[in-house]
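**Student:** Could you have a look at this structure, given as structure tokens, before my questions?
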Amino acid sequence: QRLPELLKTMPKAELHIHIEGSLEPELIFALAKRNGVALAYADVEALRRAYAFTDLQSFLDIYYAGASVLLKEEDFYDMASAYFVKAAEDNVVHAELFFDPQTHTARGVAMQTVIDGLHRACVDAQKIHGISASLILCFLRHLSEEDALVCLEQALPFRDKLVGIGLDSGELGNPPEKFERVFARCAQLGLRLVAHAGEEGPPAYIWAALDVLKVERIDHGVQAIKDPALMQRLAEQRTALTVCPLSNLKLCVFPDLASHNLRELLDTGLMATINSDDPAYFGGYMNDNFVQTFAATGMHAGHAYSLARNSFEASFIDDAAKLKFV
Ligand code: ES4
Ligand code: ZN
15 QRLPELLKTM
25 PKAELHIHIE
35 GSLEPELIFA
45 LAKRNGVALA
55 YADVEALRRA
65 YAFTDLQSFL
75 DIYYAGASVL
85 LKEEDFYDMA
95 SAYFVKAAED
105 NVVHAELFFD
115 PQTHTARGVA
125 MQTVIDGLHR
135 ACVDAQKIHG
145 ISASLILCFL
155 RHLSEEDALV
165 CLEQALPFRD
175 KLVGIGLDSG
185 ELGNPPEKFE
195 RVFARCAQLG
205 LRLVAHAGEE
215 GPPAYIWAAL
225 DVLKVERIDH
235 GVQAIKDPAL
245 MQRLAEQRTA
255 LTVCPLSNLK
265 LCVFPDLASH
275 NLRELLDTGL
285 MATINSDDPA
295 YFGGYMNDNF
305 VQTFAATGMH
315 AGHAYSLARN
325 SFEASFIDDA
335 AKLKFV
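Sequential numbering from 15 applies to the sequence shown in full-length UniProt numbering.
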């Protein structure tokens with residue numbers, strides 16, 4: 015079988031997708047019109063032209079502007095439903111969706127509106143596409159821990175609709191230690207814990223995500239390569255890294271895909287996975303990430319099987335159901 019066919023057809027889990035980052039420009043304009051929201055861009059083409067990022071922050075500014083069109087339960091449902099169509103085409107059979115409620119509650123949108131819309135789309139994804147899906151609420155790390163605690167309080171009535179908690183947004187200057195107390199509370203609530211670390215930030219942020227926040231998975235984590243002791247720890251504990259190659263390329267974490275370290279991480283025995291991060295902004299969904307990264311780094315079928323197996327093993331599917339996949 016040709017390698018691209020294997021990459022596209024093999025069943026896989028997506029563990030690192032910001033659902034607000036799946037909003038395509040066409041849907042942004044359609045929702046803006048539906049909701050009477052003014053945008054700073056004349057049309058879809060003008061918005062797309064602005065997708066020329068130099069680093070994480072230059073992306074986040076446009077990503078939060080795009081999310082401003084989301085107001086009603088239907089908007090969140092439509093956004094996630096459009097993602098599941100793409101995921102099904104790429105043979106994603108399980109997805110764990112990040113969402114950023116603080117981006118929405120700050121604009122007066124109720125937590126219930128956000129979670130109801132996303133959860134309904136997850137339930138329908140199973141019925142329509144046979145995709146199992148769950149939700150991971152992310153705290154925005156550029157805001158305070160007090161803000162995160164308020165957000166958690168607002169989400170408590172919907173605890174049963176969440177599988178876990180994450181930490182995203184601007185990494186540099188916002189180390190994991192800032193969120194030690196709120197993550198401890200989430201652990202007490204039985205929520206699974208993940209955090210972005212080592213995307214732009216140093217290995218010290220990955221150590222702190224593990225030792226202070228006590229997360230089970232590291233989102234990105236590619237900067238671990240700079241710290242041999244950390245590499246050994248991640249390999250021994252089989253801590254998953256949810257790597258996002260096209261994201262790293264578009265945000266200039268690596269100069270080109272051939273320079274990406276995913277292959278080295280895998281060959282060193284780390285439990286890496288491939289994910290799309292913000293596919294509408296970074297030029298591709300799951301299969302684009304797989305096909306382009308394999309072409310650029312010369313990985314082979316063995317790597318493909320490892321990545322697929324890792325994606326299920328590192329997922330928060332319950333262990334009985336996991337046996338179906340691994
Ligand atoms: C994100 Cl690529 C990335 N990094 C950190 N936070 C984010 N939120 C959405 N995409
Ligand atoms: Zn991310």
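A virtual CB, placed ideally from N, CA and C, is assigned to each residue, including glycine.
Near PHE112, which residues of its chain fall below 6 angstroms by C-beta distance, leaving aside the five closest residues on each side in sequence?
**Tutor:** HIS32, ILE150, CYS152, GLY180.
**Student:** VAL305 and LEU276: beta carbons closer than 8 angstroms?
**Tutor:** Going by C-beta atoms, VAL305 is not nearer than 8 angstroms to LEU276.
**Student:** What are the boundary residues of the beta strand (DSSP E) that includes residue 357?
**Tutor:** Only positions 15 to 340 of the chain appear in the structure, and residue 357 is not among them; the question remains open.
**Student:** Please list, following the chain, all residues that have a C-beta closer than 6 angstroms to any non-hydrogen atom of the ligand ES4.
**Tutor:** Here the residues come out as HIS32, GLY35, LEU70, TYR77, ASP182, SER183, HIS210, GLU213, SER261, ASP291, ASP292.
**Student:** Less than 8 angstroms between the C-beta atoms of residue 344 and PHE197, yes or no?
**Tutor:** Summary: the structure shown does not reach residue 344, with the chain confined to residues 15 through 340, and so no result is reported for it.
**Student:** Count the other CB atoms, across all protein chains shown, that sit within 10 Å of the CB of ILE145; report buried if there are 16 or more and exposed otherwise.
**Tutor:** Looking at its Cβ environment, which holds 16 or more other Cβ atoms inside 10 Å, ILE145 is buried.
**Student:** Going by beta carbon distance, what residues of the same chain come within less than 6 angstroms of ILE129, once the five residues before and after it are set aside?
**Tutor:** The residues are PHE172, LYS175.
**Student:** Restricting to Cα atoms, I'd like to know which of MET313, GLY178, GLN246 is closest to GLN202.
**Tutor:** Among MET313, GLY178, GLN246, the Cα nearest to that of GLN202 is on GLY178.
**Student:** Beta carbon of HIS274: closer than 7 angstroms to some heavy atom of the ligand ZN?
**Tutor:** No; taking the cut-off as 7 angstroms, the Cβ of HIS274 has no heavy atom of the ligand ZN nearer than that.
**Student:** Assuming contact is defined by CB atoms lying nearer than 8 angstroms, are VAL236 and LEU207 in contact in what I supplied?
**Tutor:** Going by C-beta atoms, VAL236 is not nearer than 8 angstroms to LEU207.
**Student:** Rank VAL106, TYR295, GLU110, LEU132 by C-alpha distance to the C-alpha of HIS118 and give the top, closest one.
**Tutor:** When only C-alpha atoms are compared, the closest one is LEU132.
**Student:** By how many angstroms is the C-alpha of HIS234 removed from the C-alpha of ASP69?
**Tutor:** Distance between the alpha carbons of ASP69 and HIS234: 15 angstroms.
**Student:** Less than 8 angstroms between the C-beta atoms of GLU87 and VAL58, yes or no?
**Tutor:** No, the pair does not count as a contact, with Cβ atoms beyond the cut-off.
**Student:** Are the segment 36-52 and the segment 73-83 in contact at 8 angstroms, needing three or more beta carbon pairs?
**Tutor:** Taking 8 angstroms as the limit for Cβ pairs, the verdict is that the segment 73-83 does touch the segment 36-52.
**Student:** At what residues does the alpha helix (DSSP H) containing ALA79 begin and finish?
**Tutor:** It spans 70-81 - the alpha helix (DSSP H) in which ALA79 sits, taken as one unbroken run.
**Student:** Could you give the distance in angstroms between the alpha-carbon of ASP161 and the alpha-carbon of GLU167?
**Tutor:** So the alpha carbons of these two residues sit roughly 10 angstroms apart.
**Student:** Return the CA-CA distance between ASP332 and VAL106, expressed in angstroms with no decimal places.
**Tutor:** Using only the alpha carbons, I get a separation of about 17 angstroms.
**Student:** Buried or exposed for ALA335, going by 16 or more other Cβ atoms inside 10 Å?
**Tutor:** Per the 10 Å Cβ criterion, exposed.
**Student:** Among residues of its own chain, excluding the 5 on either side of ALA294, which ones have a beta-carbon nearer than 7 angstroms to its beta-carbon?
**Tutor:** Excluding positions up to five away in sequence, the list reads GLY35, SER36, LEU37, GLU38.
**Student:** For ASP114, is the beta carbon positioned less than 7 angstroms from some heavy atom of the ligand ZN?
**Tutor:** Result no, Cβ not under 7 angstroms from the ligand ZN.
**Student:** GLN126: buried (16+ other C-beta within 10 angstroms of its C-beta) or exposed?
**Tutor:** Answer is exposed; the Cβ neighbour count stays below 16.
**Student:** Which residue marks the beginning of the alpha helix (DSSP H) containing GLY283, and which one marks its end?
**Tutor:** Looking at the DSSP string, GLY283 is not in any alpha helix (DSSP H), and its letter there is neither H nor E.
**Student:** Between HIS30 and the ligand ZN, is there a pair consisting of the residue's CB and a ligand heavy atom that are separated by less than 7 angstroms?
**Tutor:** Flag set: Cβ of HIS30 near the ligand ZN.
**Student:** For LYS26, does the count of other Cβ atoms within 10 angstroms reach 16, so buried, or fall short, so exposed?
**Tutor:** The residue in question, LYS26, is buried, as its Cβ has 16 or more Cβ neighbours within 10 Å.
**Student:** Ends of the alpha helix (DSSP H) at ILE129?
**Tutor:** 125-143 is the extent of the alpha helix (DSSP H) around ILE129.
**Student:** Give the DSSP-derived three-state secondary structure of ILE331 in the structure shown.
**Tutor:** Three-state result, ILE331: coil.
**Student:** Where are the alpha helix (DSSP H) runs, 4 residues long or more, that stay fully inside the segment 178-222, in chain order?
**Tutor:** Complete alpha helix (DSSP H) runs here, min 4: 194-202.
**Student:** What would DSSP say about PHE43, mapped onto helix, strand or coil?
**Tutor:** PHE43: helix per DSSP, three-state reduction.
**Student:** Is GLN121 helix, strand or coil when you go by DSSP?
**Tutor:** It is Arg, not Gln, that sits at residue 121 in the sequence shown. It is coil, neither helix nor strand.
**Student:** Quick one: is the Cβ of ASP130 within less than 7 angstroms of any heavy atom of the ligand ZN?
**Tutor:** No, the ligand ZN has no heavy atom inside 7 angstroms of this Cβ.
**Student:** In angstroms, rounded to a whole number, what distance separates the CA positions of ASP104 and PRO259?
**Tutor:** Taking the straight line from one Cα to the other gives about 16 angstroms.
**Student:** If PRO190 and ALA147 are in contact, beta carbons under 8 angstroms, what's the gap, nearest whole angstrom?
**Tutor:** The Cβ separation is near 27 angstroms, so there is no contact.
**Student:** In its own chain, which residues sit with a C-beta less than 8 angstroms from the C-beta of GLU28, not counting the 5 before and 5 after it?
**Tutor:** So the qualifying residues of the chain are ALA101, VAL106, HIS108, ALA109, GLU110, ASN289, SER290, MET300, SER325.
**Student:** Does DSSP classify GLU110 as helix, strand or coil?
**Tutor:** GLU110 falls in the strand class under three-state DSSP.
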